[in-house]
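Residue numbers (our numbering): 483 to 682.
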C-alpha cells in the first residue's frame with residue numbers, strides 16, 4: 483500500500499472511532515454498505531475524495547454533538563423506537579420535537595456540529611415516524627437556506643396517499659388537524675396541527 487492510501491486508511495479508522503458508531507452504523511450514515519466501508523478501511527478499494535472528506539467531517543460533527551449533549555438523527559430515531567416499543571406515541575412525538583429543537587439551535591449557532599444531522603439514521607421501526615423525522619429535519623435545513631440532507635428526501639421519508647397519517651390532537655378533530663397542518667409537513671403525507679408542533 484502506498485503512503486497516500488495508507489493515510490486514507492488511517493483517516494477512516496480515526497473517523498470511525500471518533501463517530502462513536504460501529505462500522506455498519508457509520509457506513510449507513512455515509513450512505514454505503516458495511517462491506518464497502520470495510521474494503522475502504524482495508525485499503526482494498528479507494529474511496530472518492532468527496533466520500534473521504536464527508537467521512538472526516540461527519541465523524542467530527544458526531545463527536546462534537548456527543549461530547550456537547552446534542553441529539554443527532556441516530557439518537558432521536560433510537561429514542562423514538564424505544565418509546566414506540568413501550569406503546570407511548572405521546573413520548574415519541576416529544577422526542578421527535580426535541581430532536582428538531584436541538585437541530586434548530588445547532589443550525590443557528592454551530593454550523594459544523596449541525597452536520598451531524600446530515601447522517602442517515604436507522605429506522606424507528608415505523609414508516610410514519612421515519613417520515614416525520616425526515617420532514618422535521620428537512621424543514622429546519624431549508625428554513626435556514628441549507629440543502630436538506632439526502633436521507634430526508636428518499637421515498638421512505640414520504641407517505642403515499644393511501645398511507646397518510648393524521649396525528650391525533652387533544653383539541654381538534656381530524657378535518658381541523660388537516661386544515662391547520664403546515665404545507666411543508668402535508669407534502670410528506672403527514673398531518674399535525676401546527677400548534678401541536680410548538681414547544682416551550
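We put the CB at the ideal spot given by N, CA and C, even for glycine.
Under the three-state reduction of DSSP, which class applies to residue i: helix, strand or coil?
i, result
"residue 647", "strand"
Please report the distance separating the alpha-carbon of residue i from that of residue j.
i, j, result
"residue 671", "residue 608", "14 Å"
"residue 487", "residue 549", "30 Å"
"residue 554", "residue 530", "25 Å"
"residue 595", "residue 541", "10 Å"
"residue 646", "residue 584", "27 Å"
"residue 493", "residue 604", "24 Å"
"residue 636", "residue 523", "27 Å"
"residue 561", "residue 547", "16 Å"
"residue 567", "residue 484", "49 Å"
"residue 666", "residue 621", "7 Å"
Quick one, which of the options has its alpha-carbon nearest residue i's?
i, options, result
"residue 515", "619, 533, 564, 499", "533"
"residue 512", "621, 544, 654, 640", "544"
"residue 558", "539, 520, 616", "616"
"residue 489", "602, 552, 535", "535"
"residue 451", "611, 624, 681", "Lying before the first or after the last residue shown, residue 451 is absent from the chain, which here runs from 483 to 682."
"residue 508", "539, 581, 648", "539"
Taking only heavy atoms of the ligand HEM into account, decide whether any of them is closer than 7 Å to the Cβ of residue i.
i, result
"residue 671", "Although the ligand HEM was asked about, the structure shown includes no ligands whatsoever."
* **Unbroken stretches of the alpha helix (DSSP H), 4 residues or longer, contained in the region 544-585** => 555-567
* What residue ranges within the region 615-667 form continuous alpha helix (DSSP H) runs of no fewer than 4 residues, ordered along the chain? -> 656-661
* **Meets three-Cβ-pair contact criterion under 8 Å: the region 625-634 and the region 650-659** => no
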